[in-house]
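Visitor: Residue numbers (my numbering), protein chains in the order written: chain A, 61 to 272; chain B, 61 to 272.
Take a look at the following structure, please.
There are 2 protein chains.
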Amino acid sequence: MSRWAPNAHERLQAAAWELFAENGYEATTVAQIAERAGLNRATFFRHFADKREILFGGEDALSTAFVEAIRAAPVGTAVSECLEAALTAAGELMTSEQHRRAGQRRRAAEASVEVQERGLAKNARIAAAAAAALRDRGAGESTAQLGAATLMLAFAAALREWLDDDDPEPFAPYATRAFVALRASALELAAPSRSSMGPRQTSNAPRAPTAT
Amino acid sequence: MSRWAPNAHERLQAAAWELFAENGYEATTVAQIAERAGLNRATFFRHFADKREILFGGEDALSTAFVEAIRAAPVGTAVSECLEAALTAAGELMTSEQHRRAGQRRRAAEASVEVQERGLAKNARIAAAAAAALRDRGAGESTAQLGAATLMLAFAAALREWLDDDDPEPFAPYATRAFVALRASALELAAPSRSSMGPRQTSNAPRAPTAT
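Below you can see the structure in the form of structure tokens.
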């Protein structure tokens, strides 16, 4: 086993995801991952802080997709259009391989508070990056924060539904549905008057969608 | 040191906050907290899982304040009014003692990833409780989620500004300012058309954004 391992990072990731699929995340050890990759534990720890890091390896890709899409939108693009562009860009990452991995990650999170906490920390970093990208375009502080929160909620809702479907369809329609619902909710939240809580009213402001 | 310790929970909390103020969170040990309270380590661990639990001891109170205020709002109350009521109720918890404690918590979080992660987990639980309370009133799923997220953002923004002021004013005006800004942001996000990103427009429609 040489210290110089070409593509060690990718080999360790591939080995880990194979083992997670075979035996589950909890039952897989770092030693097993290293062995499957033909490497040793020391090499593993040169590439990853711990096993959870592999589970959340897609964080950078998602964050980059969001940030680049927000940055790339033409000057004058509405916040909601920036967020839609970010979701579209994220959708391109959501391959059938990602469907398997995200399902694995969800099962691991259901079984472990530590995994949940790592996921929350990951989401907080992605949201902060998206908020910074919106701020850089001139969005006010609360719009940047709420925009990033809406983006994360749309992505999470779309991901849940996408994962609930065993046969992974393209991600985009899930993301669109989630975002349209959230935009309607934003309008409802913005309304200072009585709206769709409790007994339904028969009329709404002209552009307000009906709550579902 | 008797095993039966009246008010052990409160005595441990008070001792811990005294020591955090004197020596900082990081430098304070569980042994010191127990000693200051006239108790032993075993008693500490019967009451708290770890030192971080003391730092986040207010979680239940905040969550309860949010949930009860949302539940208590009359039938037909708009979501935004439920959220305002929740912030008002939370404001009543924000005493000058809380100002000191929240400042301590912020410094501890700045110095420790573990404290940050516990804080994120706490916020996720409070948001989930608030979303459930909105759902129970008949709010749709995305409105419950976005409403809870908006509530958490408003509380966090108000808390930041409140803590930045050394002399703690009542919390309510901070919460109101933060919420008004977020409600305007919600309207901006709901707008499908070009809005305030990039060149500013001079007028906004009072109830509904202009369509393109």
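A virtual CB, placed ideally from N, CA and C, is assigned to each residue, including glycine.
If we count the other Cβ atoms within 10 Å of its Cβ and call it buried at 16 or more, is residue 274 (chain B) buried or exposed?
Guide: With chain B covering only 61 through 272, there is no way to say anything about residue 274 (chain B).
Visitor: Measure the alpha-carbon distance for residue 221 (chain B) versus residue 199 (chain B) and round it to whole angstroms.
Guide: 30 Å
Visitor: Return the first residue and the last residue of the alpha helix (DSSP H) that residue 99 (chain A) is part of.
Guide: Element bounds for residue 99 (chain A): n/a, residue is neither H nor E.
Visitor: Is it the case that the segment 157-174 of chain B contacts the segment 89-105 of chain B, given that we only count it when at least three CB pairs across the two stretches are under 8 Å?
Guide: no
Visitor: Thinking C-alpha only, which one of A:150, A:237, A:71, A:75 is nearest residue 275 (chain A)?
Guide: Shown here, chain A extends from 61 to 272; a query on residue 275 (chain A) therefore has no answer.
Visitor: Given a cut-off of 8 Å on the beta-carbon distance, is the pair residue 193 (chain A) and residue 131 (chain A) in contact?
Guide: yes
Visitor: If we ignore side chains and look at the alpha-carbon of each, how far apart do residue 228 (chain A) and residue 78 (chain B) end up?
Guide: 55 Å
Visitor: Should residue 203 (chain B) be labelled buried (16 or more other beta-carbon atoms within 10 Å of its own) or exposed?
Guide: buried
Visitor: Taking the alpha helix (DSSP H) that residue 240 (chain B) belongs to, which residues open and close that run?
Guide: 232-250
Visitor: Which residues of the segment 202-235 of chain A have a Cβ closer than 9 Å to any Cβ of chain B? Give them in chain order.
Guide: 202, 203, 204, 205, 206, 207, 209, 210, 212, 213, 214, 216, 217
Visitor: Compare the C-beta of residue 245 (chain B) with all C-beta atoms of chain A and state if any pair is closer than 8 Å.
Guide: yes
Visitor: Report the rounded CA-to-CA distance for residue 84 (chain A) versus residue 163 (chain A), giving the unit in angstroms.
Guide: 11 Å
Visitor: Which value, in whole angstroms, describes the spacing of the CA atoms of residue 249 (chain B) and residue 101 (chain A)?
Guide: 48 Å
Visitor: Distance cutoff 8 Å, beta carbons only. Does residue 248 (chain B) sit that close to anything in chain C?
Guide: The chain inventory of the structure shown lacks chain C, comprising the protein chains A and B.
Visitor: Is it the case that the Cβ atoms of residue 209 (chain B) and residue 213 (chain A) are separated by a distance below 8 Å?
Guide: yes
Visitor: Pick from A:238, A:133, A:154: whose alpha carbon is nearest that of residue 145 (chain A)?
Guide: Comparing Cα-Cα distances from residue 145 (chain A) to each of A:238, A:133, A:154, the minimum goes to A:133.
Visitor: Among the candidates B:105, B:112, B:246, B:217, whose CA atom is the shortest distance from the CA of residue 236 (chain B)?
Guide: B:217
Visitor: Any residues in the segment 117-146 of chain A with a beta carbon nearer than 9 Å to a beta carbon of chain B? Which ones, in chain order?
Guide: 133, 134, 135, 136, 137, 138, 139, 140, 141, 142, 143
Visitor: Cβ of residue 179 (chain A) within 8 Å of Cβ of residue 191 (chain A)?
Guide: no
Visitor: Quick check: does the Cβ of residue 193 (chain A) come within less than 7 Å of any heavy atom belonging to the ligand FAD?
Guide: The ligand FAD is not part of the structure shown, which contains no ligands of any sort.
Visitor: Based on Cα-Cα distance, which residue from A:232, A:181, A:239, A:167 lies nearest to residue 80 (chain A)?
Guide: A:167
Visitor: Measuring CA to CA, which of B:105, B:86, B:89 is closest to residue 68 (chain B)?
Guide: B:105
Visitor: Taking buried to mean at least 16 other C-beta atoms within 10 Å of its own C-beta, is residue 139 (chain A) buried or exposed?
Guide: buried
Visitor: Around the C-beta of residue 185 (chain B), are 16 or more other C-beta atoms found within 10 angstroms, so that it is buried, or is it exposed?
Guide: exposed
Visitor: Run through DSSP, which three-state label would residue 153 (chain B) get?
Guide: Of the three classes helix, strand and coil, the one that applies to residue 153 (chain B) here is coil, per DSSP.
Visitor: Roughly how many angstroms separate the alpha carbons of residue 113 (chain A) and residue 99 (chain A), rounded to a whole number?
Guide: 17 Å
Visitor: What residues of chain B sit near residue 188 (chain A), judged by a beta carbon separation below 8 Å?
Guide: Neighbours of residue 188 (chain A) on chain B: none; closest Cβ ~12 Å, over 8 Å.
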